[in-house]
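So the structure is just underneath, and the comments pick up after that.
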Amino acid sequence: MTLQPWIAALLAAGVLLGWVRALSRRRRSPGAPRPRGWRTTALIVLQLLSAALLYRVLFPPPRAVPAGTLVVLTAGAADRDASARGAHVVRLPEAAAPAGAGAAVERVPDLATALRRYPGSTRVHVLGEGLVPRDRDAPGLPALDFDPPPLPRGITAIWAPARVQAGGGFEVHGQVHAVAGGAIDLIDPAGRRADTTALARDGGFALRALAAAAGPAVFRLRLRDAAGAVVERAPVAVVVGPPAPRRMRVLAGAPNPEVKFLRRWARDAGVELQTSVALGGGVATGDSLAWDAASLASLDLVVLDERALQALGAARFTALQAAVQDGLGVLVRVTGPLDSTARARLLALGHRLSAATLASDVRLDAVATGRPPSPRASTASQPQLPVLTRRALRIEAPDSATLLEDATGEPLARVRNAGRGRTASWLLSDTWRLVLAGHAARHAQLWSDALARIGRAAPLREPRLDHPARAGTRATLCALPAEARVVAPDGATARLHRDPRGSERCAAYWPAQPGWHVLEVGGRSWPFHVLAADALPALRAREVRDATRALAARPARAGDGSVATVGAPGVRWPWLLAWLVASGVLWWLERSRAGRR
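Start counting at 1 in the sequence shown, then tack on 12, and there's your number in the numbering used here.
Right, dumping it as structure tokens:
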């Protein structure tokens, strides 16, 4: 409910009290000094008139104003012709003053102020890079047209995990604009080149690095053009946390070298591994494993081959499916022929395998899964991996993603979501040959990626930053408890107050300086990185452009831009003048002896 009815009720109550006071004075006065009737009547009328005029001062009646387009100049729009695009042109603080005849364009502190000054605006035409976060939440924002300039040359997008585990790998993806034939390097905190790749035709890139010691770390992207000159450098901030304990179970239908080398990898990677290998006749070697809801809920990933899958009883397979829906990851290694039971259970997990004319011998890339080697790297620098064996099958799962592929791009493993968990089918039979050929790191990377992509997802319990933070611009921190504060690099402390109306438990924070800031909550701390205000201009222009385009793409409200006049708050000063006159007369009459006997 608005304040208007409450103010009206309060004024009405004041008028009634004034009437009761005036009438009671007339009744209780002795016969000689009793006020005359016209005085009491005048007091009653003036009180009512004063209250009505005060109400109109606070809420003036709307007036009809011509509908029109408001042209808003933002950063990068100083030299653009805006006079012919709308009746009113304003510029925000980020926009430079236009030269020549446009120098008199009105400057406003924000978009909300411009909308209040020009209430007849039924459309807003934004010129330049777009609206910054300060102006995207302007109340009463009408339909929006957006006319952005070309993006600057440089890095326009970076996607990297905010937190990684020590000893694990992570990937950095991104996009570059207007650097044809260039390359990009990923430099680790020690200044060494962790990875390099040529830019794709559309400017995309993917790089991989290893997170070493725990703590905040800043990697660097180095963009080079076709001639090798450095175009731009960009920080990639990650928080390296201690490795989280992971639990994995491997079931094999017969003894094979894969289980042995998986045990070695798990020991080196800090993964708690349980194994069970069937020897035939109902005899198995390995750990004594329980198979119930509680034991499956304690696991992150279950790996089993086709013989172990078909040997599962119906009750155990049903329990496995239920655990997948609750978040468990399941990987099925297809190393031999599939009987009808194994095919039916693979289909129940969302994977259909069909025979295909494919070579059984395959070779993997020496680099990260799913990314071809850099064309700029010499052939001698790419180590040759041993030939591995695969089943001549093709995985048919339309809603799945490629988990692993060979050097020609043929999928060797695919993963799909199932409830809160994931399932995967894996066609390689002998990844252990990588270790024997001296490529233990590639073997470890292979299974670390599988565990990361298929294993149970960790719950999101930590506060998060909704978008990259930049000095001088509002940042949004979400998933916050009741009390939180941020410590800046210089030691200054800012307390955060959550939005009580939001379901995401978010709070706004305005960082004043770049560097590592620390969010402190209940004795725990989460560092996050803030970019400098002028860092990565192409990335900033891309972010502002995308956010403004999202505003322009929202459905238009009924009547936007389709009426000749619109309602706007009326002028207050005539009502204020009348109220002052009526209140002055009322004040004089209350204190004078006119009308008293």
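All C-beta atoms, glycine included, are put in the ideal place defined by N, C-alpha and C.
In terms of Cα proximity to residue 484, the closest of 512, 524, 462 is 524.
In terms of Cβ geometry, residue 321 and residue 344 form a close pair [threshold 8 Å].
Check the Cα spacing between residue 195 and each of 138, 441, 240, 302: the tightest is with 240. A contact between stretches requires three or more CB pairs, one per stretch, nearer than 8 Å, and the region 171-185 fails this requirement with the region 550-562.
Restricting attention to 431, 486, 346, the CA atom closest to the CA of residue 542 is found in 486. Taking the Cα positions, residue 252 is about 31 Å away from residue 424. The beta carbons of residue 183 and residue 211 sit about 16 Å from each other, so the pair does not count as a contact at 8 Å.
In the three-state reduction of the DSSP assignment, residue 366 falls in the strand class.
The shortest CA-to-CA distance from residue 137 to any of 147, 143, 158 is the one to 158. The beta carbon of residue 539 is closer than 8 Å to those of 228, 251, 528, 529, 530, 531 in its chain, skipping five residues each way along the sequence.
DSSP places residue 274 in the uninterrupted alpha helix (DSSP H) bounded by 269-281. The beta-carbon separation of residue 85 and residue 139, rounded to 5 Å, stays under the 8 Å limit for a contact.
About 5 Å separates the beta carbons of residue 89 and residue 107, which is inside the 8 Å limit, making them a contact pair.
Residue environment analysis places residue 102 among the buried positions, since at least 16 neighbouring C-beta atoms fall within 10 angstroms of its C-beta.
Counting only runs of at least 4 residues, the region 472-518 fully encloses no alpha helix (DSSP H) element at all. Within the same chain, Cβ atoms closer than 8 Å to the Cβ of residue 148 are found at 559, 560, 563, the five residues on either side in sequence being excluded. One thing to note: residue 234 has its Cβ within 8 Å of the Cβ of residue 245.
Taking each of 281, 373, 264 in turn and checking the Cα distance to residue 254, the smallest one comes out for 281. At a Cβ-Cβ threshold of 8 Å, residue 426 and residue 466 do not count as neighbours. Distance from the CA of residue 493 to the CA of residue 265, rounded to the nearest whole angstrom, comes to 48 Å. Judged by beta-carbon spacing, residue 188 lies within the 8 Å limit of residue 217, meaning their Cβ atoms are closer than that value. Spatial neighbours of residue 330 in its own chain (CB-CB distance under 8 Å, excluding positions within 5 residues in sequence) are not present. Short of 8 Å from the beta carbon of residue 120, and not among the five residues preceding or following it, lie these beta carbons of its own chain, in chain order: 102, 103, 104, 126, 129.
Secondary structure at residue 586: helix, using DSSP grouped into helix, strand and coil. The beta carbon of residue 310 sits closer than 8 Å to those of 259, all from its chain and outside the five residues before and after it, given in chain order.
Taking a C-beta distance under 8 Å as the contact criterion, residue 587 and residue 69 qualify as a contact pair.
About 7 Å separates the Cβ atoms of residue 346 and residue 365, confirming a contact at the 8 Å cut-off. Between the C-alpha atoms of residue 437 and residue 396 there is a straight-line separation of about 26 Å.
Beta-bridge partners of residue 521 (DSSP): 487.
Classified as buried, residue 468 has 16 or more neighbouring CB atoms from the shown chains inside 10 Å of its CB.
With a beta-carbon spacing of about 7 Å, residue 290 and residue 323 fall inside the 8 Å limit used to define contacts.
Taking a 10 Å sphere around the C-beta of residue 593, we find fewer than 16 other C-beta atoms and assign the residue as exposed. Its chain contains 170, 172, 184, 198, 230, 231, 232, 233 as the residues whose beta carbon lies nearer than 8 Å to that of residue 248, once the 5 sequence neighbours on both sides are disregarded; these appear in chain order. One thing to note: residue 402 has its Cβ no nearer than 8 Å to the Cβ of residue 350. The residue among 34, 72, 476, 74 with its C-alpha nearest the C-alpha of residue 58 is 34. Residue 428 sits away from residue 452, with the two beta carbons spaced by 8 Å or more.
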